[in-house]
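Colleague:
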Amino acid sequence: MLTLGKLLKPSSIAVIGASQRPFRAGSIVMQNLLSGGFQGAIMPVTPKYKSVSGVLAYPNIEQLPLIPDLVIVCTKAKYNKAIFTELAAKGAGAVIVVSSDMYQSEGDSELSIDEECLAIARQSGMRILGSNSLGLMLPWINLNASLSPVTASQGSIAFISQSAAVCTTILDWASDKQIGFSAFVSLGNAVDVDFPELLDSLSVDNKTSAILLYVDSIKDARIFMSAARSASRNRRILVLKSGRSLEGQQAATLHTRGSQSIDIIYDSAIKRSGMLRVNNTHELFAALETLTHSVPLRGERLAIMTNGGGPAIMAVDELIQRGGKLATLTDETIEQLNQILPPSWSHSNPIDLVGDADSSRYSEAMNILLDSDAIDAILVMHSPSAISHPTQTAQAVIETVKKHKKSRRFNILTNWSGEMTAREARSLFTRAGIPTYRTPEGAVGAYMHLVEYRRNQKQLMETPSSVELRNPAQLLQAKDWIQSHIGNQINQFDSHQISGLLKSYNISVLPTWLASDASEAVHISEKIGYPVAVKLRSPDILHKSEVQGVMLNLRNANEVASATQAIMDRTSLLYPSALIYGVSVQSMASRAGSQELRIRIETDPIFGPVIMLGQGGTEWDVSEDASVALLPLNMALARYLVIRAMRIGKLRLEQLPNPVDTIALCELLVRLSQMVIDNPEILSLDLHPLLAVGNDFTVIDAHLELQAKDGEKRQRLAIKPYPVEHEEQVQLKNGETCLMRPVLPEDETKMASFITQVSREDLYKRFFSEVGEFNHEALANLTQIDYDREMAFIATQINDNNQEVLLGVARVIADSHNHDAEFSILVRSDLKGIGLGRRLMEKIIAYSQTKGTTRLTGITMPSNKGMVQLAKKLNFKTETHFEDNIVDMLLIL
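Residues in the sequence shown are numbered from 4 upward in steps of one, following the numbering used here.
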């Protein structure tokens with residue numbers, strides 16, 4: 004089975020191209036390995052020298068005395084194919100390639116050297132880090148297998164980067180700040196080992212508490228998102244993503260030779276994965292310091308305590324601008340502060356202690372804030388003062404935090420302004436593990452990293468509510484429409500053509516009539532009544548505004564005839580070769596009391612379908628005017644999209660007599676999401692304008708693109724949607740039927756009720772320990788699964804109260820290569836003996852076979868005789884280990 008064990012825990016290392024010559028890669032790597040203190044075998048390979056750096060050298064790979072776990076190839080690219088062939092024959096475990104020109108091809112080959120070496124490695128089971136990799140550092144085993152001039156000390160942060168230059172920058176900063184690492188990995192071109200597998204490995208590493216990623220671009224969104232969502236449940240993950248601008252995206256594409264995606268889509272993907280994005284290296288360092296020294300936020304209410312009003316106002320401005328929340332002081336807290344502060348204090352948050360505040364006033368005020376239940380985080384600010392010595396005041400704050408019994412419930416940040424006068428104070432805070440910053444804006448920015456991280460984690464763990472999307476008849480109607488309109492090429496359709504498809508998902512479209520010329524447009528207008536709108540119909544002109552192709556509020560026959568003819572004349576003049584099909588005519592929808600919105604769905608080359616929401620308007624720059632979410636959506640995720648669009652000003656809901664119903668807007672977004680999931684032929688859809696009045700939404704104009712799809716239709720989604728194809732009605736021994744289906748996030752309450760109906764003994768057999776009450780987070784982990792890497796089937800029935808109840812659950816989790824999968828089964832204790840466990844087990848086996856899993860494994864206790872007997876009946880091999888009180892079960896599929 005392919006693993007990263009030989010790469011991340013090597014016991015022997017060979018250096019191909021080891022050298023005595025200064026500044027050569029083979030010389031730098033050897034010196035770093037030896038100076039790092041690695042305790043395993045180090046074997047230089049070179050025909051030029053008898054020894055390198057005092058270590059006996061071997062003339063070729065064949066003569067190595069050991070099979071190396073890890074090989075560092077420091078030779079030119081043209082030699083590497085032959086080297087890989089020899090390493091495969093030797094049985095090497097993993098290879099780091101530092102060569103930067105492996106993307107070139109050799110001789111007449113159509114493949115790059117990278118691709119040829121990868122093919123050799125996969126045949127023998129070798130893993131590759133690189134090419135163009137700076138190398139690897141694993142400080143806890145004293146391994147520095149890199150070209151870096153700076154080494155990494157031991158710590159709890161793992162860093163994975165696509166850029167070697169960013170690696171050395173981070174290392175230099177960390178060395179100055181005395182911050183250590185559990186792992187430091189330079190991916191280079193990542194032809195084999197990439198972010199997903201490293202996230203899988205490092206997120207369960209007991210030396211790693213946080214993971215930092217530097218990302219230029221990603222290759223496989225489905226695999227990346229799956230790994231990131233899993234890892235972010237276990238570890239704090241920060242992402243520094245380059246390519247915010249169009250030019251930066253193009254540079255990133257050239258650097259990694261990956262596909263290009265606009266920045267806001269990456270931003271949405273990072274949020275959806277529960278990770279935290281930072282915008283630059285300065286923010287990365289600040290966020291790292293904050294997250295490293297902070298407990299998870301219990302809320303977002305920030306109190307600001309200061310001896311200077313001006314800096315506090317700057318902090319408040321920054322907080323509000325970034326979507327933060329200022330805590331409201333309770334009457335009790337204000338009264339307590341009145342007792343210790345001068346009458347001129349601010350009497351509100353920010354708490355201005357006044358310019359003559361000394362260290363004792365800081366300490367007393369701090370104690371009062373730490374006693375408050377209306378505050379979640381405290382920012383303590385200090386400006387240079389002749390009365391309040393910065394170092395003494397800092398020491399007083401530190402002592403207060405240490406002594407207060409509730410201080411660990413709060414996130415505490417400090418801003419000691421100044422340079423020479425404040426340097427020692429900031430050093431004290433750093434040693435005490437309290438985040439400290441030079442400027443008010445820097446402190447608030449760091450606090451907002453905590454807020455954003457909390458919001459992203461809530462988005463990851465949110466329990467969605469269900470919504471009625473469409474019934475089977477509507478789905479059949481939609482698919483019939485698609486099949487009757489799809490061709491071999493991209494097909495484009497306007498509003499009047501797609502009304503049937505949209506109506507299948509309960510989306511209203513303003514009625515449209517077609518006219519081939521001015522006289523026909525007048526005839527239609529007379530029939531439907533004035534005022535009307537006339538719009539150009541041409542497959543060659545996507546943006547009607549280019550030719551002033553939309554004329555509104557036409558109130559009589561003369562205006563309609565003139566407008567129609569003018570549109571067609573302008574189009575013929577500006578685009579003489581364009582096909583013109585005439586115009587479409589619509590009644591003018593009443594815009595009084597309504598608001599124009601725009602919703603667009605695009606298929607991104609990396610992340611697949613994404614949905615964009617913003618204000619209406621002819622000029623629409625997606626990067627500037629829209630908030631974005633990956634599909635699929637449910638109600639909770641749609642709500643996050645709407646709230647975020649409102650928070651960052653992309654959606655400005657007006658104060659109307661019948662304001663836009665945000666819940667109804669979420670339902671519309673979910674229906675559109677479901678439409679794209681149901682119909683993978685949809686390449687893009689633009690609803691603009693979308694007229695909103697209360698909970699009523701009407702499409703005035705729309706544009707649809709279809710493209711025939713081949714292969715796995717769902718694979719284009721970055722996050723695999725609910726696999727409805729696995730739903731199945733099954734019959735039990737007692738003659739009753741139950742529905743077996745994949746678990747859904749909204750099954751959390753059913754799961755909670757189910758667990759209360761399982762005996763303590765059965766729970767112990769399932770979890771191998773005493774199980775207390777399951778909280779929301781634990782239940783969310785059981786119901787919010789990633790269908791791409793795990794599966795949980797539940798058996799349900801409808802009870803006498805017409806409610807769906809859970810009878811049993813079977814779960815299977817495969818490794819990243821789908822070789823081994825581990826299963827577990829739990830059945831309600833009062834339902835044993837009716838064949839439910841067997842049906843669930845058969846469901847798991849059939850699913851694993853369909854997925855192509857090689858082996859199915861499980862463990863149980865010898866006392867669980869029913870499970871052991873069932874496993875034997877289904878051809879599992881069982882092996883009892885009495886010393887460990889477990890039974891291993893194995894089925895070769």
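Where a beta carbon is used, it is the ideal one built from N, C-alpha and C, also for glycine.
#1: Should the region 399-418 be called in touch with the region 369-382, which here means at least 3 C-beta pairs below 8 angstroms?
#2: Just the Cα atoms here: how many angstroms apart are H385 and L656?
#3: Buried or exposed, going by whether 16 or more other CB atoms sit within 10 Å of the CB of L340?
#4: Is L141 buried or exposed, if buried means 16 or more other CB atoms sit within 10 Å of its CB?
#5: For L69, which three-state DSSP category applies?
#6: Which residue's Cα is closest to the Cα of G532: L636, P514 and D520?
#7: With 16 as the cutoff for other CB atoms within 10 Å, does R601 come out buried or exposed?
#8: Quick test of the definition: if touching needs 3 or more C-beta pairs under 8 angstroms, does the region 45-57 touch the region 10-30?
#9: Please classify A595: is it buried, with 16 or more other beta-carbons within 10 angstroms of its beta-carbon, or exposed?
#10: Keeping to the same chain, check which residues put their C-beta closer than 7 angstroms to that of A566; ignore five residues upstream and five downstream.
#11: Give the straight-line distance between the Cα atoms of I226 and A581, rounded to the nearest whole angstrom.
#12: Could you compute how far the alpha carbon of E886 sits from the alpha carbon of Y269?
#13: The beta strand (DSSP E) with N341 in it runs from where to where?
#14: Can you say whether N418 is buried or exposed, counting buried as having 16 or more other CB atoms within 10 angstroms of its CB?
#15: Would you list, in sequence order, the uninterrupted alpha helix (DSSP H) runs of no fewer than 4 residues that lie entirely inside the region 299-385?
#16: Answer yes if the region 52-59 comes into contact with the region 164-181, meaning at least three C-beta pairs across the two stretches below 8 angstroms, and no otherwise.
#17: Based on the DSSP secondary-structure assignment, which residues constitute the bridge partners of V553?
#18: Excluding the 5 residues flanking P13 on each side, which residues of the same chain have their C-beta closer than 6 angstroms to its C-beta?
#19: Is G738 near the ligand MG, with its Cβ less than 6 angstroms from a heavy atom?
#20: What runs of the alpha helix (DSSP H), each 4 residues or longer, lie entirely inside the region 127-193?
#21: Helix, strand or coil for Y269, going by three-state DSSP, please let me know.
#22: With a threshold of 16 other CB atoms inside 10 Å of the CB of A122, please say whether the residue is buried or exposed.
#23: Using only the alpha-carbon positions, how far apart do Q165 and R540 sit?
#24: What is the residue span of the alpha helix (DSSP H) that T881 lies within?
#25: Taking the straight line between their C-alpha atoms, what separation do you get for Y61 and K180?
#26: Can you grab the Cα-Cα spacing for the pair S212 / K405, in whole Å?
#27: For K496, write down the residues that DSSP places opposite it in a beta bridge.
#28: Does DSSP put G20 in a helix, a strand or coil?
#29: Measure the alpha-carbon distance for K716 versus A224 and round it to whole angstroms.
#30: Pick out whichever of I816, Q677 and K854 has its Cα sitting closest to the Cα of Y508.
#31: So what's I583 in DSSP terms, helix, strand or just coil?
#32: Given a cut-off of 7 angstroms, decide if V550 and A524 are closer than it, judged by their beta-carbon atoms.
#33: Going straight from the alpha carbon of S469 to that of L675, what length do you get?
#34: Thinking C-beta only, is L344 closer than 7 angstroms to L382?
#35: Who are the Cβ neighbours of T394 in its own chain at under 6 angstroms, not counting the five residues just before and after it?
#36: Out of curiosity, what's the CA-to-CA distance linking N867 and F777?
Modeller: In this structure, then:
#1: yes
#2: Residue numbering aside, residue 385 sits at position 382 when the sequence shown is read from its first letter. Residue numbering aside, residue 656 sits at position 653 when the sequence shown is read from its first letter. Roughly 39 angstroms separates the two Cα atoms.
#3: Here the question's residue 340 lines up with position 337 in the sequence shown. Buried is the call here.
#4: Residue numbering aside, residue 141 sits at position 138 when the sequence shown is read from its first letter. Buried.
#5: Reading the sequence shown from its first residue, position 66 is the one you call residue 69. If DSSP states are grouped into helix, strand and coil, L69 belongs with coil.
#6: Here the question's residue 532 lines up with position 529 in the sequence shown. Ranking the options by Cα distance to G532, first place goes to P514.
#7: One-based indexing of the sequence shown puts residue 601 at position 598. Buried is the call here.
#8: yes
#9: In the sequence shown, counting from the first residue as 1, residue 595 sits at position 592. Classification of A595: exposed, given that the 10 Å Cβ count is below 16.
#10: Within the sequence shown, the letter at position 563 stands for residue 566. Excluding sequence positions up to five before and after A566, its CB lies within less than 7 angstroms of the CB of V537, M554 and L557, all in the same chain and listed in chain order.
#11: One-based indexing of the sequence shown puts residue 226 at position 223. One-based indexing of the sequence shown puts residue 581 at position 578. Looking at the two C-alpha atoms, the distance is approximately 43 angstroms.
#12: Along the sequence shown, one-based indexing puts residue 886 at 883. Along the sequence shown, one-based indexing puts residue 269 at 266. Using only the alpha carbons, I get a separation of about 50 angstroms.
#13: Taking the sequence shown and counting its residues from 1, the one referred to as residue 341 is at position 338. Here N341 belongs to no beta strand (DSSP E); instead the alpha helix (DSSP H) covers D334 to I343.
#14: The residue given as residue 418 occupies position 415 in the sequence shown. Buried, by the Cβ-count rule.
#15: 312-324, 334-343 and 362-373
#16: no
#17: What you label residue 553 is simply residue 550 of the sequence shown in a count that begins at 1. V553 is bridged to K538.
#18: Position 10 of the sequence shown, counting from 1, holds the residue named residue 13. Excluding sequence neighbours, P13 sits near D72 and L73.
#19: You won't find the ligand MG in this model; it holds no ligand whatsoever.
#20: 167-180
#21: The sequence position of residue 269 within the sequence shown is 266, counting from 1. For Y269, the three-state secondary structure derived from DSSP is helix.
#22: Here the question's residue 122 lines up with position 119 in the sequence shown. By the 10 Å Cβ count, A122 comes out exposed.
#23: As a position in the sequence shown, residue 165 is number 162, starting the count at 1. As a position in the sequence shown, residue 540 is number 537, starting the count at 1. So the alpha carbons of these two residues sit roughly 47 angstroms apart.
#24: If you number the sequence shown from 1, residue 881 lands on position 878. Note, T881: premise wrong, no alpha helix (DSSP H); beta strand (DSSP E) at K880 to H884.
#25: Locating residue 61 in the sequence shown gives position 58, where the first residue counts as 1. Locating residue 180 in the sequence shown gives position 177, where the first residue counts as 1. Their backbone Cα atoms lie some 40 angstroms apart in a straight line.
#26: The residue labelled residue 212 in the question sits at position 209 within the sequence shown. The residue labelled residue 405 in the question sits at position 402 within the sequence shown. In a straight line, the C-alpha of S212 is about 23 angstroms away from that of K405.
#27: For the purposes of this step, residue 496 is identified with residue 493 of the sequence shown, where counting begins at 1. Here the sequence assigns Phe to residue 496, which means Lys is not the residue at that position. Checking the DSSP bridge columns, you'll see F496 partnered with L707.
#28: Translated into positions along the sequence shown, residue 20 becomes position 17. Looking at G20 - three-state DSSP - the assignment turns out to be coil, as it is neither helix nor strand.
#29: Position 713 of the sequence shown, counted from the first residue, corresponds to residue 716. Position 221 of the sequence shown, counted from the first residue, corresponds to residue 224. Low local confidence applies: a pLDDT of 49 at K716 is under 50, so the model's placement there is unreliable, and no value is given.
#30: As a position in the sequence shown, residue 508 is number 505, starting the count at 1. Checking every option, the nearest Cα to that of Y508 belongs to Q677.
#31: Start at 1 with the first residue of the sequence shown, and residue 583 comes out as number 580. Here I583 sits in coil by DSSP.
#32: The residue labelled residue 524 in the question sits at position 521 within the sequence shown. The residue labelled residue 550 in the question sits at position 547 within the sequence shown. Cβ distance not < 7 angstroms, so A524 and V550 don't count as in contact.
#33: In the sequence shown, the residue the question calls residue 469 occupies position 466. In the sequence shown, the residue the question calls residue 675 occupies position 672. With a pLDDT of only 47 at S469, under 50, the local geometry of the prediction cannot be trusted, and the value read off the model is given with reservation. If you take the alpha carbons of S469 and L675, they lie about 15 angstroms apart.
#34: Reading the sequence shown from its first residue, position 379 is the one you call residue 382. Reading the sequence shown from its first residue, position 341 is the one you call residue 344. Contact: no.
#35: In the sequence shown, counting from the first residue as 1, residue 394 sits at position 391. For T394, where only same-chain residues beyond five positions count, the Cβ hits under 6 angstroms are E427 and A428.
#36: Taking the first residue of the sequence shown as 1, we reach residue 867 at position 864. Taking the first residue of the sequence shown as 1, we reach residue 777 at position 774. For N867 and F777, the distance between alpha carbons rounds to 23 angstroms.
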